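Numbering of the sequence shown is given in the working numbering, commencing with residue 45 and proceeding in unit increments.
Where is the CB? At the ideal position from N, CA and C, for every residue including glycine.
Here the structure is a predicted model, which is why all the values come from computation and not from measurement.
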Amino acid sequence: MSPGTWRVLSVVGARPNFIKLAPVARAFAERAGVEHIIVHTGQHYDDEMSDVFFRHLDIPHPAVNLGVGGGSHAQQTAAIMLALEPRLKEFAPDVVLIYGDVNSTLAAALVASKLGIAIGHVEAGLRSRDMTMPEEVNRVVADRLSALLFAPSRDACENLAWEGAACAAVHFVGNVMIDALVAHLPAARAAGVPARFGVPAGGYVVATIHRPGNVDRPDTLREVCDGLARLARERPVLFPVHPRTREAFLTNGAAARLGGVTLLDPLSYLDMIGLVADSALVVTDSGGLQEETTFLGVPCLTLRPNTERPITVECGTSRLVASRADAIVAAAAAATRRAVTVPNRWDGKAAERIAGVLFDGASYTQ
Ligand code: UD1
């Protein structure tokens, strides 16, 4: 490394990580004196869950893919830790950046902290306060171990302050998911995605379900499928199926109840935002979609008992709905497109602010 060069190493592994990385990688690429190394853990490995995002979002090729794949939480987290440790020693970065709340985030936080490398957490401070969610455990530990906490919203800053994070560590930079959306929405809209899927603009539903809380319990998954099938009697319902959900469908047969619903393979980022932007309604348990629908003003039924993104309910279009067929149908009937207040600093510039904090000494502390 030449003198004065900053070496930043980003660890990513799962689909939502790649979307968050894209604007950050772009902001770093514009900086002289910054070397950005990307390590892919291989948590997500199918082309449609991983490589297509690197291609379409112009993310530089990872320096390394650790190739860990699936497994139980302990197996996956431990495999990432074992494979990552020698790489962090080899690259010896000034900072490790971690993203969101997946197992790759947790594993990288544990390894980097024990090697004494400073950690920056992109999307810090979100809390569902539901420790039965694996992601909540990952969030809490990742934040506790991070020296730089890049928060997407004011409530996230408040959570961190309440937990005792140092004021100087918390930077309210905004939401990198919205950076990606702002950058790619024009191309997605121009691509005429609804017509390609044979659905009328403004007249269809997009559904995505993958959380263990919905997918791993057969009764719950059956209720969700029944709810979607009833929505499909009124208008087209497009359901891109996540690998976890596909596995559940194979074992418990719930997919047989999805009469009238169009099942799709996982979609590329551009196809997904192109479809969501012109949809009448989104039914989901995804964190990213709660945010994207809020920005787009599309009604969103969030099939969860809680959310780490309450701002999407308070200012945005998301509504928490029980994973029961009757509740889904009733909430869908009540959902209408309406004007929303886009949360502060969800403006496409969060990644630039992160670069400013890291390289220019900028501060977005409260
Ligand atoms: C993970 C994240 C979740 C995030 C989601 C986005 C954790 C704890 N959870 O959940 O927060 O919302 O990613 O997608 O990290 N699989 C494939 N192909 C792939 C990827 C996964 O077949 O490309 C299979 C795995 O082998 C496994 C299942 O899908 O059997 C679940 O994958 P896993 O990485 O364990 O967690 P996700 O459910 O994807």
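Quiz item: So what does DSSP say about residue 214, is it helix, strand or coil?
Solution: strand
**Asked** Based on the DSSP output, what are the partners of residue 50 in its beta bridges?
**Response** 78
Kindly provide the chain-ordered list of residues whose Cβ lies closer than 5 angstroms to any non-hydrogen atom of the ligand FMN. Although the ligand FMN was asked about, the structure shown includes only the ligand UD1 as ligands.
* Among 228, 83, 88, the one whose alpha carbon lies nearest that of residue 130 -> 83
Compute the Euclidean distance between the alpha carbons of residue 133 and residue 124, then round it to the nearest angstrom. 14 angstroms
Checklist line | Three-state secondary structure (DSSP) of residue 84 | finding: strand
- Query: How many angstroms separate the CA atom of residue 221 from the CA atom of residue 396?
  - Reply: 13 angstroms
Review point. What are the start and end residues of each continuous beta strand (DSSP E) run of 3 or more residues lying completely inside the stretch 309 to 379, in chain order?
Key: 325 to 328, 344 to 346, 362 to 364
*asked:* Taking the alpha-carbon of residue 194 as reference, which of 81, 212, 178 has the nearest alpha-carbon?
replied: 212
Give every residue of the same chain whose Cβ lies closer than 6 angstroms to the Cβ of residue 368, excluding the five residues on either side of it in the sequence, and list them in chain order. 267
Open item on the list: Could you compute how far the alpha carbon of residue 305 sits from the alpha carbon of residue 409?
Closed with: 46 angstroms
message: Report the start-end ranges of each beta strand (DSSP E) in the stretch 213 to 300 that is 3 residues or longer and not cut off at the edges.
response: 214 to 216, 249 to 252, 281 to 284
Please report how far the alpha carbon of residue 168 lies from the alpha carbon of residue 187, in whole angstroms.
6 angstroms
Measuring only the C-alpha atoms, how far is residue 157 from residue 140? 9 angstroms
### Terminal residues of the alpha helix (DSSP H) in which residue 97 lies
95 to 100
Q. So, is residue 45 buried or exposed, given that buried needs 16 or more other C-beta atoms within 10 angstroms?
A. Reliability fails at residue 45, whose pLDDT of 46 lies under 50, so the model's placement of it is uncertain and the value that follows must be treated cautiously. Exposed is the call here.
Compute the distance between the beta-carbons of residue 74 and residue 49, then report whether it is under 7 angstroms.
no
task = Could you give the DSSP three-state label for residue 45: helix, strand or coil?
result = Per-residue confidence for residue 45 stands at a pLDDT of 46, beneath the threshold of 50, marking its modelled position as unreliable; the derived number appears in the next sentence. Coil, per DSSP.
For residue 278, decide whether its Cβ has a neighbour in chain C, counting only Cβ atoms nearer than 7 angstroms.
Absent here is chain C; the protein component of the structure consists of one chain.
- Query: With a cut-off of 8 angstroms, do at least 3 Cβ pairs link the stretch 192 to 208 to the stretch 161 to 177?
  - Reply: yes
Check your understanding: Hey, residue 277 and residue 247 are a contact pair by Cβ (cut 8 angstroms); roughly how many whole angstroms apart?
Key -> That pair is no contact at about 14 angstroms.
If you count every other CB in all the chains shown that lies within 10 Å of the CB of residue 54, and 16 or more means buried, which is it?
buried
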